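Protein chains: 2
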Amino acid sequence: MQTSAFSPHDHSRCITSAIGHAKSLCADRGVKLTPVRQRVLELVWQSHQPIGAYELLASLAKEGFNSAPPTVYRALEFLSGQGLLHKLESINAYVGCCNPDTPHQGHFLLCQDCHQAQELDSQYINLALKVSADQHGFKIQRHTIEIVGTCEECLAQSTALEPTP
Amino acid sequence: MQTSAFSPHDHSRCITSAIGHAKSLCADRGVKLTPVRQRVLELVWQSHQPIGAYELLASLAKEGFNSAPPTVYRALEFLSGQGLLHKLESINAYVGCCNPDTPHQGHFLLCQDCHQAQELDSQYINLALKVSADQHGFKIQRHTIEIVGTCEECLAQSTALEPTP
DNA sequence: TTGACAGTTGTTATAATATAACATAGCATT
DNA sequence: AATGCTATGTTATATTATAACAACTGTCAA
Ligand SMILES: [Zn+2]
Ligand SMILES: [Zn+2]
Ligand SMILES: [Zn+2]
Ligand SMILES: [Zn+2]
Chain A
4 MQTSAFSPHD HSRCITSAIG HAKSLCADRG VKLTPVRQRV LELVWQSHQP IGAYELLASL
64 AKEGFNSAPP TVYRALEFLS GQGLLHKLES INAYVGCCNP DTPHQGHFLL CQDCHQAQEL
124 DSQYINLALK VSADQHGFKI QRHTIEIVGT CEECLAQSTA LEPTP
Chain B
4 MQTSAFSPHD HSRCITSAIG HAKSLCADRG VKLTPVRQRV LELVWQSHQP IGAYELLASL
64 AKEGFNSAPP TVYRALEFLS GQGLLHKLES INAYVGCCNP DTPHQGHFLL CQDCHQAQEL
124 DSQYINLALK VSADQHGFKI QRHTIEIVGT CEECLAQSTA LEPTP
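Read top to bottom, the protein sequences are chains A and B. When we follow this note's numbering, the leftmost residue of the first sequence carries the number 4, and every step to the right adds one. When we follow this note's numbering, the leftmost residue of the second sequence carries the number 4, and every step to the right adds one.
Okay, here's the thing in structure tokens:
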């Protein structure tokens with residue numbers, strides 16, 4: 004896995020790695036990565052841009068898969084349940100998980116310029132959440148952490164385009 | 004303002020404080036807290052449970068207000084723009100802001116038992132987000148931080164009900 | 001073999017959330 | 001009164017997601 008979704012990299016390796024990982028993981032767990040489930044996962048991994056359910060559905064339809072909404076929502080539910088992808092709540096879109104072995108919700112950087120997402124699992128953030136929750140006697144079950152802004156690459160591009168003073 | 008939405012408190016004071024605050028704040032800013040906007044804000048503040056747009060709409064309808072979706076979404080957009088409420092993205096619901104003077108996105112504790120929400124603005128969390136973003140050269144514009152779990156009161160209740168060993 | 005079961009998929013309909021587009025009304029300034 | 005701005009009314013539609021039930025598929029044991 005590359006260090007950042009935002010930096011240029013050989014993304015085909017992301018895809019093959021993710022799919023390979025998913026296959027072995029599902030085999031280990033005794034659950035079925037059926038054709039439609041695998042195809043949805045591949046489509047989600049087509050890029051680091053989170054993708055919406057109905058966009059996935061349109062792709063499936065073009066490829067001759069069944070294309071009623073439950074098809075894709077069931078696949079997304081399965082993949083999410085296996086920790087193979089995450090839903091980004093603030094944009095109703097789905098992105099592949101970089102580290103599906105252990106259950107987690109992750110933290111996401113969303114670039115509003117290139118629309119790519121990078122998953123983190125920062126122990127700083129986890130600790131800060133825990134400390135804040137503890138202060139209120141609150142027991143954390145899960146969380147949604149989505150940070151919107153501009154990634155390093157897009158910042159560099161916009162800086163390069165600025166008029167020189 | 005009370006220290007916690009979860010603890011028992013005189014909630015009528017939350018409401019009057021929030022509405023009074025909103026009135027003076029809108030007056031200061033030269034924007035209009037019209038009847039429907041004020042009523043939506045009051046409805047949002049009816050409790051510390053985040054409320055959905057269509058539930059607000061149903062209440063408005065009962066009270067003789069116009070009850071087409073744009074009415075409530077416009078009010079929510081105005082109130083959100085003035086920092087008087089927040090949308091909780093993970094549940095598509097809206098909750099009054101405790102501290103509308105300064106712009107912020109806040110951090111939310113959502114109790115899955117009593118369905119109440121407590122807004123925080125933890126500097127620990129803000130710092131952790133900033134550190135993580137900085138490590139990736141990412142410039143934060145806004146964020147969605149929603150922590151789901153069980154509040155202190157509900158934990159105490161469930162503990163009290165547990166069978167003694 | 002066959003039938004019972006569990007899991008998966010197909011199909012239809014509908015729920016829930018949100019916005020586009022354009023018309024009308026109120027209100028302040030000139 | 002005419003103008004322009006903000007807010008509201010109205011109709012229609014877009015977007016996201018789920019309910020409900022039927023049909024198919026493979027497994028395994030009687
Ligand atoms: Zn990649
Ligand atoms: Zn992940
Ligand atoms: Zn209160
Ligand atoms: Zn707030």
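Just so it is clear, CB atoms sit at the ideal spot from N, CA and C, and this is done for glycine as well. Computed from a predicted model, the values in this text were never measured in an experiment.
### Query
Between Pro-168 of chain B and the rest of its own chain, which residues show a CB-CB distance below 7 Å, the 5 nearest in sequence each way excluded?
Its pLDDT being 45, under 50, Pro-168 of chain B is placed unreliably by the model, and nothing is read from it.
### Message
Under 8 Å, with one C-beta from each stretch per pair, do the region 103-123 of chain B and the region 56-76 of chain B reach the 3-pair mark?
### Response
With the cut-off at 8 Å, the region 103-123 of chain B and the region 56-76 of chain B do not touch.
### Task
For Ala-71 of chain A, name the three-state secondary structure that DSSP assigns.
In the structure shown, Ala-71 of chain A sits in coil (DSSP, three-state: anything other than H, G, I, E or B).
### Message
If the criterion is Cβ atoms closer than 9 Å, does the pair His-110 of chain B and Ile-128 of chain B meet it?
### Response
A distance below 9 Å separates the beta carbons of His-110 of chain B and Ile-128 of chain B.
### Message
For a contact defined as C-beta to C-beta under 8 Å, what are the partners of Gly-153 of chain A on chain B?
### Response
Just to set this straight, residue 153 of chain A is Thr in the shown sequence, not Gly. Simply Phe-141, Lys-142, Gln-144.
### Query
Exposed or buried, what is Ala-30 of chain A when buried is set at 16 or more other beta-carbons lying within 10 Å of its beta-carbon?
Its Cβ having fewer than 16 others within 10 Å, Ala-30 of chain A is exposed.
### First through last residue of the alpha helix (DSSP H) which encompasses Leu-44 of chain B
For Leu-44 of chain B, the uninterrupted alpha helix (DSSP H) run begins and ends at 38-47, by DSSP.
### Task
Count the other CB atoms, across all protein chains shown, that sit within 10 Å of the CB of Ala-96 of chain B; report buried if there are 16 or more and exposed otherwise.
It counts as buried.
### Message
Quick check for students: name the residue ranges of the alpha helix (DSSP H) that lie wholly in the region 71-119 of chain A, counting only runs of 4 or more.
### Response
Unbroken alpha helix (DSSP H) stretches of 4 residues or longer found wholly inside the region 71-119 of chain A: 72-84, given in chain order.
#### Entry: Continuous beta strand (DSSP E) stretch holding Ile-128 of chain A: start and end
Bounds of any beta strand (DSSP E) do not take in Ile-128 of chain A; it lies within the alpha helix (DSSP H) bounded by 126-138.
### Task
Enumerate in chain order the residues of its own chain whose CB-to-CB distance from Val-151 of chain B is below 6 Å, with the five nearest sequence positions on each side excluded.
Cβ contact annotation for Val-151 of chain B (same chain, cutoff 6 Å, sequence separation greater than five): Leu-113, Gln-115, in chain order.
### Query
Do we get a CB-CB distance below 9 Å when we pair Leu-88 of chain B with the residues of chain A?
It does not: the Cβ of Leu-88 of chain B has no partner Cβ on chain A nearer than 9 Å.
### Task
Give, in chain order, every residue of the region 120-131 of chain A whose Cβ lies closer than 8 Å to some Cβ of chain B.
When C-beta distances to chain B are compared with 8 Å, the residues of the region 120-131 of chain A below that value are Gln-121, Leu-123, Ser-125, Tyr-127, Ile-128, Leu-130, Ala-131, in chain order.
### Query
Just the Cα atoms here: how many angstroms apart are Gln-126 of chain A and Phe-68 of chain B?
Note on geometry: alpha-carbon atoms of Gln-126 of chain A and Phe-68 of chain B lie some 49 Å from one another.
### Query
Does DSSP put Gly-23 of chain A in a helix, in a strand, or in coil?
Look at Gly-23 of chain A here: in three-state DSSP terms it is helix.
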